[in-house]
Every structure is written in C-alpha cells, then in structure tokens.
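Novice: Quick one: this structure, given as structure tokens, is what I'll be asking you about.
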Amino acid sequence: MPDALASVEDALDIPDDADNEEIADAVAHYREHHPVMNRLAGAREVYIESEHTTGNSQPSQTVRNVMQAVNEGKRCLLVSREQTARRVHTTLLKEPKGCHKNHSVDGEQRFYTLTGDVAIDGEIITRPGSSDNVWVYEESSGEYVLRDDNRTEHARFENAEAIFEDATAYPMGGDRSIKAPIIPDYDTDMLDIIVVKEDAKTPADLFLYRSDGDHVPLDMLATDDGEAIQTIADDEHSHEEPESEDDGGDIVDALR
C-alpha cells in the first residue's frame, strides 16, 4: 500500500444516481475550476509516496506502489525533500527506470528485490550459492537471469512471467531463499515529484519538480486560460543538467 491516498471527492461531486450527461458535466466543471488538482490527481484517487528518513530504505516497495497506482489508472505523487528530489527523479523516472543505477555491467538492467520469497504452486523455491540474489535483464539475449553475488548463474527465463511460473528453471538443492524481483512497468507521465523545501509552512510552499532545477510552485501550475501546465515530461529531454554520481545513485533510498 502507498503511504497515503488523496481523494478529489470534495471537489468532484458526482451523485450516485447521476446519468452519463451529469457525470460529464461534473467532470468538466471540476477540470475548469480545479485545474491544479486535475493536473496532479486526475479525476480519481491519487497515490502519495513520501520520503522515508529513518530505518531501512525499500526502493522495491516504492516501485511496486508506483506500478500499482499507474496500473489502476491513478496518478502518483512522490513527496520529497529538496535535497533528494533529483535522486528520486533519477531512480524512478530516468532510464532504466525503477532499477539499480550502480550496476556496472553493460547491456544489463539490475532489478530491486522484494522482501517476499519466490513461491510456485505453494512451494518456496530455493537455490545453492552465496547469499545475495541478483536479478538482471540481459539485453543481448532478451532473458531474465538470476545470479548470486559471486556472479554464479542459477537460472534463466525467456520472459518475466516464467520467473513466477516455471519451477523447473531453478536449480535443485540448496537452502538459499530467492527474493522476488520487482520488474518496473509504468508510465512515467503518471508520476510527479512534489518538492518540500526546508522552510515550507503552507501548501503554497510546495513545488512541482523540474529536472533543470526551476521548480514550479503548485499554486502557479494553472495558466491564465485555466489549463494546467506540464513539467516533468515536457522538460525531460530539453533542459537536463548533468547528474552527479551521487545524484544518480540508488535513491529511492528516501522513499518507501
């Protein structure tokens, strides 16, 4: 589950017995009079993922929550401190999205792993080898590969579904549990990063993240004609600043 859910019910009031025309009129009124809310949430609940400042980070859980929101047709707001917003952007929105950014093997994408074990038909799958599970997508073969931290290969799969269905692909024996990978699949246009500055005291002090650093105050998202401006997607390829090595690290470290 996400850290929070936000509803637009107070702004978008649709009676249970409304017909199609009444629903369309209500949505049009909502979009006209609440363009910022419509820009951030659409006409449904919006998922909110907040920065996690203490304890162990769980980037895999954040990626899963983002996927859940987007796959349900809901937008997702990622609330971050200003000093970590760029790293949140890098981890979740820059390719390879939702993957480790410090994986050094060319032609591979390394996935985060969930806390749960791989189980097929109710049986927990195990393997031999060293402790860490390293799940990667190998571009040259188009296959998903399971290794350990000694680079010993344990299994290969032609598609992601087979990881959770084909028990015969895993090695026999061993007592190492296999943590399931989270394979990111989401539309980045459904995500926004909300920047919370150090001295923020009111909603007017919140900003929508831009990768060029020129963050947009939320109360300025709507233009004079009532349209809500876009930011991240339009900005992605034209105003990019070079990412430092630290900024490009695995950082949903701040999110869960």
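Going by this note's numbering, the final residue of the sequence shown carries number 332, and the count climbs one at a time with no gaps.
The C-beta atom is built at its ideal place from N, Cα and C for all residues, glycine as well.
The model shown is predicted, which means the values in this text are computed figures rather than measured ones.
#1: Alpha carbon to alpha carbon, what distance is there between R151 and N141?
#2: Among the residues of its own chain, which have a CB less than 6 Å from the CB of T130, if the five just before and after it don't count?
#3: Give me, in chain order, the residues of the same chain whose beta-carbon lies closer than 6 Å to that of E158; leave out the 5 immediate sequence neighbours on both sides.
#4: Expressed to the nearest angstrom, what Euclidean distance is found between the alpha-carbon atoms of R120 and L294?
#5: When the Cα atoms are used, what is the spatial distance from V92 to F187?
#6: Y246 and A231: beta carbons closer than 9 Å?
#7: V181 to M113, Cα distance in whole Å?
#8: Tell me which same chain residues have a C-beta within less than 6 Å of the C-beta of A145, skipping the five on either side of it?
#9: May I ask you to report which of helix, strand or coil DSSP gives R286?
#10: Of all the options N209, V84, A298 and Q185, which has the alpha carbon lying nearest to the alpha carbon of P260?
#11: Please check the pair A243 and I196, which I expect to be a contact at CB under 8 Å, by giving their CB distance rounded to whole angstroms.
#12: Report the rounded CA-to-CA distance for A309 versus D268, giving the unit in angstroms.
#13: Taking the alpha helix (DSSP H) that V146 belongs to, which residues open and close that run?
#14: In this structure, does DSSP put H230 in helix, strand or coil?
#15: Do you know how far the Cα of E125 is from the Cα of P78?
#16: Would I258 pass as a contact of V194 if the rule is Cβ separation under 9 Å?
#17: N209 bridges to which residues according to DSSP?
#18: Which residue's Cα is closest to the Cα of G183: E219, H165, G149 and R162?
#19: Taking C-alpha atoms, which residue in S207, M296 and T202 lies nearest to P279?
#20: Among Y106, Q134 and L282, which one has its Cα closest to the Cα of L88?
Specialist: Per the coordinate set shown:
#1: As a first step, residue 141 must be located in the sequence shown, where it is residue number 65. As a first step, residue 151 must be located in the sequence shown, where it is residue number 75. Distance between the alpha carbons of N141 and R151 is about 11 Å.
#2: Numbered from 1 along the sequence shown, position 54 holds the residue referred to as residue 130. Interpretation of T130 is limited by its pLDDT of 30, a score under 50 that renders its predicted location unreliable; no figure is taken from the coordinates.
#3: Working through the sequence shown from its first residue, we reach residue 158 at position 82. V271 and K273.
#4: By one-based count along the sequence shown, residue 120 stands at place 44. By one-based count along the sequence shown, residue 294 stands at place 218. Whole-angstrom Cα-Cα distance: 19 Å.
#5: Residue 92 sits at position 16 when you count from the first residue of the sequence shown. Residue 187 sits at position 111 when you count from the first residue of the sequence shown. With the sequence shown as reference, residue 92 is identified as Asp, and Val is not the correct amino acid for it. Cα to Cα, the separation comes out at about 43 Å.
#6: The residue you call residue 246 lines up with position 170 of the sequence shown. The residue you call residue 231 lines up with position 155 of the sequence shown. Yes. Within cutoff.
#7: Against the sequence shown, residue 181 aligns to sequence position 105. Against the sequence shown, residue 113 aligns to sequence position 37. In a straight line, the C-alpha of V181 is about 42 Å away from that of M113.
#8: Counting from one through the sequence shown, the residue named residue 145 turns up at place 69. Correct list, in chain order: Y123 and C152.
#9: Locating residue 286 in the sequence shown gives position 210, where the first residue counts as 1. Note: R286 maps to coil in three-state DSSP.
#10: Here residue 260 corresponds to residue number 184 of the sequence shown, with the count starting at 1. Per the Cα distances, Q185.
#11: In the sequence shown, the residue the question calls residue 243 occupies position 167. In the sequence shown, the residue the question calls residue 196 occupies position 120. Yes, A243 and I196 are in contact; Cβ-Cβ is about 4 Å, under 8 Å.
#12: Numbered from its first residue, the sequence shown carries residue 309 at position 233. Numbered from its first residue, the sequence shown carries residue 268 at position 192. Confidence at A309 is low in this model, with a pLDDT of 41, below 50, so the placement of that residue is unreliable and no value is reported for it.
#13: Start at 1 with the first residue of the sequence shown, and residue 146 comes out as number 70. Run containing V146: P135 to N147, per the alpha helix (DSSP H) assignment.
#14: Residue numbering aside, residue 230 sits at position 154 when the sequence shown is read from its first letter. Annotated three-state conformation of H230 is strand, per DSSP.
#15: By one-based count along the sequence shown, residue 78 stands at place 2. By one-based count along the sequence shown, residue 125 stands at place 49. Approximately 6 Å, taken between the alpha carbons.
#16: Indexing the sequence shown from 1 puts residue 258 at position 182. Indexing the sequence shown from 1 puts residue 194 at position 118. Taking a C-beta distance under 9 Å as the contact criterion, I258 and V194 do not qualify as a contact pair.
#17: Along the sequence shown, one-based indexing puts residue 209 at 133. According to DSSP, N209 bridges with D224.
#18: Locating residue 183 in the sequence shown gives position 107, where the first residue counts as 1. The candidate whose alpha carbon is nearest that of G183 is E219.
#19: Locating residue 279 in the sequence shown gives position 203, where the first residue counts as 1. Comparing Cα-Cα distances from P279 to each of S207, M296 and T202, the minimum goes to M296.
#20: Start at 1 with the first residue of the sequence shown, and residue 88 comes out as number 12. Here the closest residue by C-alpha is Y106.
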